[in-house]
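Student: The structure under discussion is supplied below as C-alpha cells; questions concerning it will follow.
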Amino acid sequence: MSSGCSVPRGYKVRPLSAQSIKDKARTVRDKFFNLLPADAIDLVRILEHTLHQYKVTFEVREIHEMPDVEGWTNPDASLVILREDVYDALCDSTNPMHNRARFTAAHELGHLFLHEGVAFARGSLPTHKHFEDSEWQADMFAAEFLMPTEICIGLTIEQIQAQFQVGYLAAKNKFNSLK
Numbered sequence: 001m002s003s004g005c006s007v008p009r010g011y012k013v014r015p016l017s018a019q020s021i022k023d024k025a026r027t028v029r030d031k032f033f034n035l036l037p038a039d040a041i042d043l044v045r046i047l048e049h050t051l052h053q054y055k056v057t058f059e060v061r062e063i064h065e066m067p068d069v070e071g072w073t074n075p076d077a078s079l080v081i082l083r084e085d086v087y088d089a090l091c092d093s094t095n096p097m098h099n100r101a102r103f104t105a106a107h108e109l110g111h112l113f114l115h116e117g118v119a120f121a122r123g124s125l126p127t128h129k130h131f132e133d134s135e136w137q138a139d140m141f142a143a144e145f146l147m148p149t150e151i152c153i154g155l156t157i158e159q160i161q162a163q164f165q166v167g168y169l170a171a172k173n174k175f176n177s178l179k
C-alpha cells in the first residue's frame with residue numbers, strides 16, 4: 001500500500017497510477033456492490049452471493065492444494081479462490097486472522113477487477129516498476145476498497161481498524177498514505 005515497492009512481488013501488468021486504482025476501487029464499491037463509503041464490507045456475502053450475479057465463480061480450496069498462496073484469481077476465467085484457512089478466518093470475526101483474511105479477499109477482488117486480459121508470465125528476475133506490479137496494484141485496490149480515503153481522513157489508526165475491520169498494518173499504511 002505504500003507508494004513504492006523496492007522489489008516487485010508479482011507479474012508485470014499494464015501500468016496504473018495509485019489514483020486510477022483508487023478510482024476503480026470506489027467505482028466497484030459504488031456501482032457493483034452499492035456500498036456507501038463508510039460501510040464496512042461484508043466480504044463473505046460478496047464472495048458467496050454477489051459475485052455470482054456477475055458470473056464470477058468463487059471456490060474454497062484445501063490448504064494442501066494451495067500451500068504457498070492464500071488466494072488466487074484468474075480474471076479471464078472469472079474465478080476467485082481462497083485457501084480454506086483464509087476463508088474460515090474471513091467467516092469468523094473472532095479468529096485472530098480475520099482482518100488479514102478480509103484484506104486477502106479484497107486483494108483478490110483487486111486482481112479480478114484490475115487484471116482482466118493480462119497475460120501472466122513471470123521471468124526469472126522481476127524488473128518492472130511498482131506501478132506495473134500486479135501485487136502492488138491489488139494491494140492498493142484492497143486498501144481503497146476496504147478503507148475509502150475520504151472517510152479515513154482525520155481518523156486515527158485505531159479508528160480505521162475499528163471502522164473497517166482491518167489489521168493494524170493495513171490501517172497504519174492507510175493512515176500514513178494520508179499524510
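Quick note: full-length UniProt numbering has the sequence shown finishing at residue 179, numbered continuously throughout.
C-beta atoms are modelled at their ideal positions from N, C-alpha and C, and glycine is treated no differently.
Here the structure is a predicted model, which means the values were calculated and not measured.
1. Shortest alpha-carbon distance to I63 belongs to which of Y168, Q161 and D88?
2. Nearest to F33 by CA position, among Q19, N176 and T50, is which residue?
3. With DSSP collapsed to three states, give me the class of R122.
4. Got a sec: does the ligand GTP put a non-hydrogen atom nearer than 7 Å to the Cβ of L43?
5. With burial defined as no fewer than 16 other Cβ atoms inside 10 Å of the residue's Cβ, what is the status of R83: buried or exposed?
6. In terms of residue numbering, what span does the beta strand (DSSP E) encompassing N173 cover?
7. Would you mind reading off the limits of the beta strand (DSSP E) that contains E59?
8. Quick check: the stretch 9-17 against the stretch 85-103, are at least 3 beta-carbon pairs closer than 8 Å?
9. Mapping the DSSP letters down to three states, classify V69 as helix, strand or coil.
10. Can you tell me whether I153 is helix, strand or coil according to DSSP?
11. Please work out which residues of its chain come closer than 8 Å, Cβ to Cβ, to residue 182, disregarding the five sequence neighbours upstream and downstream, and give them in chain order.
12. Please work out which residues of its chain come closer than 6 Å, Cβ to Cβ, to A170, disregarding the five sequence neighbours upstream and downstream, and give them in chain order.
Tutor: A quick look at the data gives this:
1. Sequence index remark: in the sequence shown, residue 63 carries index 63 (1-based). Of Y168, Q161 and D88, the residue nearest in Cα terms is D88.
2. Position 33 of the sequence shown, counted from the first residue, corresponds to residue 33. Answer by Cα proximity: T50.
3. The residue given as residue 122 occupies position 122 in the sequence shown. Here the model assigns R122 a pLDDT of 40, short of 50, so the residue's position is not dependable, and the following value carries that caveat. If DSSP states are grouped into helix, strand and coil, R122 belongs with coil.
4. Annotation note on the ligand GTP: not contained in the displayed structure, which lists no ligands.
5. The residue labelled residue 83 in the question sits at position 83 within the sequence shown. It counts as buried.
6. On the sequence shown, position 173 is the one that residue 173 refers to. Taken as a continuous stretch (DSSP letters only), N173 belongs to no beta strand (DSSP E), being part of the alpha helix (DSSP H) at Y168 to S177.
7. For the purposes of this step, residue 59 is taken as the residue at position 59 of the sequence shown. Note, E59: beta strand (DSSP E), T57 to R61.
8. no
9. Residue numbering aside, residue 69 sits at position 69 when the sequence shown is read from its first letter. Three-state result, V69: coil.
10. The count along the sequence shown starts at 1 and reaches residue 153 at position 153. Residue state, collapsed to three classes: coil.
11. Outside the shown range of the chain (1 to 179) lies residue 182, about which nothing can therefore be said.
12. Within the sequence shown, the letter at position 170 stands for residue 170. Hits under 6 Å: F103.
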